[in-house]
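Q:
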Amino acid sequence: IKNPEPALYQLTSPKSSDISVCLLTDTGSYNTTFKNEYTNGSNPTVLEMMTMESKSYGAVAWGSKSTFSCTDAFLQNLVNFTQPSGSTCNVKDVKQSFETDKDLNLINLSLIGLRIIFLKTVAFNLLMTFRLWSN
3 IKNPEPALYQ LTSPKSSDIS VCLLTDTGSY NTTFKNEYTN GSNPTVLEMM TMESKSYGAV
63 AWGSKSTFSC TDAFLQNLVN FTQPSGSTCN VKDVKQSFET DKDLNLINLS LIGLRIIFLK
123 TVAFNLLMTF RLWSN
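When you read off a place in the sequence shown, starting at 1, and then add 2, the result is the number in our numbering.
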């Protein structure tokens, strides 16, 4: 992707409306800072894409108040919240409630079960091998 546009995502928990996380991706400036005092945040993370000879910066902010807003979390002069069409980024449009996929959870659980069976088989084989060697 050449010259990616910045994207702003607000993730909320379906169980609790008090917690909200904002993910700002593909910013052109490493100095993206947070402006609200009630916003907790991490240092901006850097993803270097060496094949494209470009860098993509991202930042995460989270808040525990009901008035937390992603567009208020970052400094407006450092991040442009306009989309290529010229309209401003409306956080309500990108606000989603993520749920786990039941099939994916079943596959992960099955994989863990198979790994446990494999390890038990290896341990049993080693135990029987050592027992035969001792006789």
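Ideal placement from N, C-alpha and C gives every residue a C-beta, glycine not left out.
This one's a predicted model, so the numbers in the text were calculated from it and none came from an experiment.
On the DSSP bridge assignment, give the partners of S136 in chain order.
A: Here the question's residue 136 lines up with position 134 in the sequence shown. Partner(s): none; S136 has no beta bridge.
Q: Report all residues from its chain with a CB closer than 7 Å to the CB of L128; omit the five preceding and five following residues, and keep chain order.
A: Position 126 of the sequence shown, counted from the start, is the residue given in the question as residue 128. Correct list: empty, nothing qualifies.
Q: Just verifying my parser: in three-state terms, what is the DSSP assignment at D28?
A: Translated into positions along the sequence shown, residue 28 becomes position 26. Three-state result, D28: strand.
Q: One question on the structure: do L13 and V23 come within less than 7 Å of each other, judged by their Cβ atoms?
A: Counting from 1 along the sequence shown, the entry for residue 13 is found at position 11. Counting from 1 along the sequence shown, the entry for residue 23 is found at position 21. For L13 and V23, yes; Cβs fall inside 7 Å.
Q: Decide if A2 is buried, meaning its Cβ has at least 16 other Cβ atoms within 10 Å, or exposed.
A: Residue 2 falls outside the range modelled here, since the chain spans only 3 to 137, and no answer is possible.
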